[in-house]
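Down below is the structure, laid out as structure tokens.
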Amino acid sequence: MTDRHDLPAGFRWGVSTAAYQVEGAVDEDGRGRSVWDAFCERPGAVKDGESGRVACDHYRRWPQDVGLMRELGVDGYRFSIAWPRVRPTGRGPVNPAGLDFYDRLVDGLLDAGVTPLPTLFHWDLPQALEDGGGWLRRETAFLFAEYAGAVADRLGDRVPAWITLNEPFVHMVYGYALGVHAPGRALMLDALPAAHHQLLAHGLAAAELRARGLGVLVANNLTPVRAASDAPGDRAAADAYDTLHNRLFTDPLLLGRYPDLSAYGVGPDLRGAVRDGDLDLVSGPGLDGLGVNYYNPTRIAAPTEPGLPFAEAPIEGVPRTHFGWPVVPEGLHELLLTLRERYGAALPPITVTENGCSTGDGVDDAFRIDYLAGHLDALARASADGIDVRGYYTWSLLDNFEWAEGYSQRFGLVHVDFATQRRTPKCSFAWYRDLIAAHRTKSAAR
Ligand code: FCB
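For the sequence shown, the working numbering gives the first residue as 1, with consecutive numbering after it.
Written out as structure tokens, the structure is:
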């Protein structure tokens, strides 16, 4: 039986975080305000009125955190760069002190033998840009590319590969369609221009990175979609959901076209956002890798009320994380095989850029060990089935600020006591360390 120890030689092991979830220091060294700073101030927006104001204080404690990564023996650290640290209002002059932080972090990582894998946008848009329309406005895409170029000019000599965007699907849906994340707009389908402008931003930034000889990935949240039954209504609904969640962002990147959104009553111009030539800008630069953030499959039934062409149905009979998310490791294998079937030779190598689970407070996290083992075994099976899988970055190194859930969902291999900032490795930390070491030994012997 193929298992996680059979992942290919050269497979890269890593951990993931994101700026607003770990850094804190929101007023430090000239950082501008982000949409998350503003959103957290809205009464009721975030559980217990929490915010990322302090978070894990990674901005100051990063040397200790890099020490933890060295102990784990990971190959890579996926973190994100806060746009408002680099360009506080999203445009205009670069703030050198903001870039200095990432410069120090990159050097610290390299000293520890850990390759930096930065994400340029993990949802913390400068509030000044949101005030001008945010991702609903086309200009934001061009400003993103300028920012990407400025960061790459500073760090590109030491950072070989970059992730442009994190989960543009989740950002569009939660941030602009439903309003449960920053910037808190509830526009439903009128949020679709935020999909196109993020994709355009990716393409323009990818061109900047490529022009500097750098590698480009994008990370999206993907889910295998299962129809609640074989009834035609359920199957059509599952198809419509799959189009929105999985294909809306992947088809333009890999195929240079939008999927058919007619189930939503939306034409190929995404409510007027798409202009001639845009799709060439999105897909033209190409991708060195597709980042897959996988947490769970989705079960879909026909809608019971007017509005959207689908309804979410519960997945029964499986364990659930502290968050309540169903645990279905096989879904990762299924997802990767579906991607290959769908995109064939256009599918770039896969890196799992996020996967993990929240558990209760404490360091005894046998649940997480099972979760990770199951998903890594599924990934190894996908690899044995011929999918080119290059790496796995677990979410997350540290317990951190989990967006609208505040500090109530703990995803870390390392426990953080938020009152004292004390870090304590959980049981899964030692397990992951030992797995990485065992895999290296086995690969060396092959
Ligand atoms: C993903 C996000 C990441 C984290 C995990 C749990 O959707 O990209 O920041 O919150 O979920």
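Beta carbons are placed, not taken as given, at the ideal position from N, Cα and C, and that holds for glycine. No experiment lies behind these values; they were computed from the predicted model shown.
So the candidates are the options; which of them puts its Cα closest to the Cα of residue i?
i      : options                           : result
Arg212 : Leu337, Asp157, Leu398 and Leu287 : Asp157
Ala302 : Asn246, Ala273 and Asp234         : Asp234
Val94  : Gly30, Gly412 and Ala445          : Gly30
Ala150 : Gly184, His196, Leu209 and Gly14  : Leu209
Thr119 : Gly175, Ala19 and Arg61           : Ala19
Asp3   : Ala404, Trp431 and Ser383         : Ser383
Leu217 : Val159, Pro232 and Leu270         : Val159
Arg340 : Ala238, Val389 and Tyr258         : Val389
Val352 : Leu109, Leu336, Ala236 and Ala238 : Leu336
Glu146 : Ala228, Ala207, Trp135 and Gly113 : Ala207
Leu254 : Gly284, Gln409 and Gly272         : Gly284
Pro193 : Ala141, Leu117, His181 and His375 : Ala141
Asp111 : Ile315, Met69 and Arg226          : Met69
Pro314 : Trp325, Thr321, Gly356 and Leu308 : Trp325
Gly455 : Gln421, His202, Tyr407 and Pro168 : Missing from the structure shown is residue 455; the chain here goes from 1 to 446 and no further.
Thr304 : His439, Thr298 and Glu312         : Glu312
Ala238 : Gly203, Trp13 and Ile300          : Ile300
Gly356 : His333, Thr321, Pro306 and Trp395 : Trp395
Phe169 : His5, Asn293 and Thr17            : Asn293
Ala191 : Asp153, Pro63 and Gly179          : Gly179
Ala466 : Ala444, Ala419, Leu372 and Glu405 : In the structure as shown, the chain begins at 1 and stops at 446. Residue 466 is therefore absent and cannot be evaluated.
Tyr174 : Arg154, Leu155, Ala219 and Ala195 : Ala195
Asp417 : Asp75, Glu402 and Leu398          : Leu398
Phe79  : Arg85, Phe121 and Val46           : Phe121
Ala82  : Leu244, Gly90 and Arg60           : Gly90
Phe249 : Arg12, Leu199 and Glu334          : Leu199
Arg257 : Glu330, Gly67, Gly277 and Lys442  : Gly277
Glu144 : Arg137, Arg138, Ala201 and Thr115 : Per the sequence presented here, residue 144 reads as Phe, with Glu not at that position. Closest option to Phe144, Cα to Cα, is Ala201.
Thr420 : Arg61, Ala38 and Trp13            : Arg61
Ile387 : Asp37, Gly344 and Leu105          : Gly344
Met172 : Trp135, Leu413, Leu347 and Lys442 : Trp135
According to DSSP, simplified to helix, strand and coil, what is residue i?
i      : result
Ser443 : helix
Leu125 : coil
Phe310 : coil
Glu402 : coil
Ala219 : strand
Pro160 : coil
Leu290 : strand
Glu71  : helix
Pro326 : strand
Ser428 : helix
His58  : helix
Val414 : strand
Ala177 : helix
Val352 : strand
Gly300 : Looking at the sequence shown, residue 300 is not Gly but Ile. If DSSP states are grouped into helix, strand and coil, Ile300 belongs with the strands.
Val35  : helix
Gly203 : helix
Leu192 : helix
Gly344 : helix
Val46  : coil
Arg422 : strand
Thr17  : coil
Leu339 : helix
Arg185 : coil
Leu7   : coil
Arg212 : coil
Arg53  : coil
Between residue i and residue j, which are expected to be in contact by the criterion C-beta below 8 Å, what is the C-beta distance as a whole number of angstroms?
i      : j      : result
Arg433 : Glu71  : 7 Å
Val282 : Pro252 : 5 Å
Val409 : Phe323 : Correcting the residue identity first, residue 409 is Gln in this sequence and not Val. The Cβ separation is near 5 Å, so the contact holds.
Val15  : His58  : Val15 to His58, Cβ: 12 Å. No contact.
Trp162 : Leu214 : 6 Å
Cys427 : Asp370 : That belief does not hold up - the Cβ atoms of Cys427 and Asp370 are roughly 11 Å apart, past 8 Å.
Ala128 : Gly32  : 7 Å
Thr298 : Tyr241 : 7 Å
Glu330 : Ala378 : 6 Å
Ala404 : Lys47  : 7 Å
Any chance the CB of residue i is under 8 Å from a heavy atom of the ligand GDP?
i      : result
Val414 : In the structure shown, the ligand GDP is absent; the only ligands present are the ligand FCB.
Just to confirm the assignment: which complete alpha helix (DSSP H) runs, minimum length 4, are found wholly within the segment 224-282? Along the length of the segment 224-282, whole alpha helix (DSSP H) runs at least 4 residues long occupy 232-242 and 248-255, reported in chain order.
Which parts of the segment 77-141 are runs of the beta strand (DSSP E), unbroken and 3 residues or longer, counting only runs that do not cross its ends? With a minimum length of 3 residues, the continuous beta strand (DSSP E) runs that stay inside the segment 77-141 are 115-121.
Which whole runs of the beta strand (DSSP E) in the segment 361-411 are 3 residues long or more, in chain order? Counting only runs that start and end inside the segment 361-411, the beta strand (DSSP E) elements of at least 3 residues fall at 389-395.
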